[in-house]
Structure formats: C-alpha cells, structure tokens
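Undergrad:
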Amino acid sequence: MKKTLLFIFLLLTSFCSIASDGVLQERRYEQVLISQAGHNGDFSWKMKKAGDILEKPEDISTTKINDSDWMPAIVPGTVLNSLVYNKVYPEPYYGLNNKLESNLIPDLYHAGRDFYTYWFRTEFVLDKSVHSEKKTWLQVDGINYRAEIW
1348 MKKTLLFIFL LLTSFCSIAS DGVLQERRYE QVLISQAGHN GDFSWKMKKA
1398 GDILEKPEDI STTKINDSDW MPAIVPGTVL NSLVYNKVYP EPYYGLNNKL
1448 ESNLIPDLYH AGRDFYTYWF RTEFVLDKSV HSEKKTWLQV DGINYRAEIW
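The number in the working numbering is simply the position in the sequence shown, starting from 1, with 1347 added.
#1: Which full runs of the alpha helix (DSSP H) of 4+ residues lie inside the region 1444 to 1487, going along the chain?
#2: For the putative contact between Phe1471 and Trp1392, defined by C-beta atoms under 8 Å, what is the C-beta separation to the nearest angstrom?
#3: Which two residues bound the contiguous alpha helix (DSSP H) that contains Leu1430?
#4: Pick from Ala1420, Ser1415 and Lys1411: whose alpha carbon is nearest that of Ala1384?
#5: Identify which residue in Tyr1492, Thr1409, Thr1483 and Ile1496 has its Cα closest to the Cα of Val1426.
#6: Going by DSSP, what residue range makes up the beta strand (DSSP E) through Lys1395?
#7: Where does Pro1404 sit, in a helix, a strand or coil, going by DSSP?
#8: Rounded to the nearest angstrom, what separates Ser1449 and Ser1429 at their Cα positions?
#9: Tell whether a beta-carbon distance below 8 Å holds between Leu1443 and Asp1454.
#10: Can you have a look at Leu1371 and say buried or exposed, based on whether 16 or more other CB atoms are within 10 angstroms of its CB?
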C-alpha cells in the first residue's frame, strides 16, 4: 500500500513539474527597470513634483517630454528615498532627523498628501521579436501608497 501511494505521489509530482514548464517558458524574457541612481541599474528614472508640472499626463508619458530639469529617482524606492538621495532632506534614520520637533523632514500629516505626490518616469524599448504575439505585463513591485500608471 505504501509503495502504491509513493508511486502515485511521484507520478503526480512529475506531471506537475512537466506541466509547469510551459508556464515558466513564457516568462523567461524579463526586463527589470531598476534605476541607475542608488541601485546601479540600467534605467534612468526621473521624478518631479506633480504640482510643478504643467503638461498633461498623456504628454508626460511620451518620449517627447523634456525632463532635463527632473531629479534622478531611486527605483525601487519611495519619494522620500529619492528626495534624500538628491539631498533635499537629510537621512531620516540618522540621529533625530525624523523627529517632528526637528522640522527637518515634513510630515505627511502636516504637509498634506500633495506635498509628496510626484511623477516618476523612465523610457524603455520592448523587443518586438519577443513581444509581437504575446501579452506584455507591467508588474510594479513596492508601490508605497498608490499610483496611476500611464
């Protein structure tokens, strides 16, 4: 009886591993959009405060936008990570920098949500030979609060 159960278990395990190979093959092409700044990645991410941008979202999401005055951004990371990287604010984990009474880093409660609302952008090219007949997924890991993707 034990040998029969062991045989059935091994048979099912083998079948599942063979069946899953097709799923894994579809996901072999992967492009990770990690920033050059802070992570030594391959992509130049930039950020700018949403209130300082006059262009429409559909224009910001094109390659025609001039983003030369945008700050380098840390991706993956938060708005505060990037602001600290650009020396706008001091490192919050050093000393008492993040203490409310220090008034060195604006608190979301007092500053308001718009204060930390930023556009992040980068440009990348999809290989048509790989993506022409397939679905393309954009998986965004680590969104801190919420995001609109254009």
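Note that beta-carbon positions come from the ideal geometry of N, C-alpha and C, so glycine has one too. This one's a predicted model, so the numbers in the text were calculated from it and none came from an experiment.
TA: The answer reads as follows:
#1: For the region 1444 to 1487, whole alpha helix (DSSP H) runs of length 4 or above, ordered along the chain, are 1455 to 1458 and 1475 to 1478.
#2: 10 Å between Cβ atoms; not a contact.
#3: Val1426 to Tyr1432
#4: Ala1420
#5: Tyr1492
#6: Counting along the chain, the beta strand (DSSP E) containing Lys1395 begins and ends at Lys1393 to Lys1396.
#7: helix
#8: 20 Å
#9: Result no, Cβ atoms of Leu1443 and Asp1454 do not sit closer than 8 Å.
#10: The pLDDT assigned to Leu1371 is 48, lower than 50, so where the model puts this residue is not dependable; a value taken from the coordinates is nonetheless given after this. Flag for Leu1371 reads exposed.
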